[in-house]
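Shown next, in structure tokens, is the structure this report addresses.
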Amino acid sequence: MSTEVVNPKAYPLADAQLTITILDLVQQAANYKQLKKGANEATKTLNRGISEFVVMAADTEPLEILLHLPLLAEDKNVPYVFVPSKQALGRACGVTRPVIACSVTSNEGSQLKSQIQQLKDAIEKLLI
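Residue numbers for the sequence shown follow full-length UniProt numbering, so the first one is 1 and each next one is one higher.
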């Protein structure tokens, strides 16, 4: 992970262990076509009510370009979390470019349902 100072506005920030779990699930969601990449796509999933949770990169420059997402997520009761690196998030999303935000979408009969639920609980514990 990068050692640069993370913006204090990036709250809640996942610790190293949770980050690995999140990126792993993001990667699986990408394989199951349950992933929307980018701040605009994540905004759309929140507005449509199909987002399970939102992951954002804390090293986004300037961070303000995605700070509308936590507000929207709170309105819709969707958990959200920051991971330290947009580069790592991009890799987990299965693209070569850095990704500043992504949204794991809901899907009936998905094999990821239990994993998504566990992760949502873990993210909600961070918010308390």
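All residues carry an ideal CB built from backbone N, CA and C; glycine is no exception.
| Asked | Found |
| --- | --- |
| G90 versus M56: straight-line alpha-carbon distance, rounded | 11 Å |
| S85 - DSSP class collapsed to helix/strand/coil | coil |
| Cα-Cα separation, E124 to Y11 | 12 Å |
| For T105, the three-state DSSP class (helix, strand or coil) | strand |
| Under the three-state DSSP convention, the category V26 falls into | helix |
| Buried/exposed call for L127, threshold 16 Cβ in 10 Å | exposed |
| K9 versus L71, V95, Q27, Q117, residue with shortest Cα-Cα distance | L71 |
| Residue interval of the beta strand (DSSP E) (run including S51) | 51-57 |
| For N107, the nearest candidate out of A122, Q117, L13, P62 (CA to CA) | Q117 |
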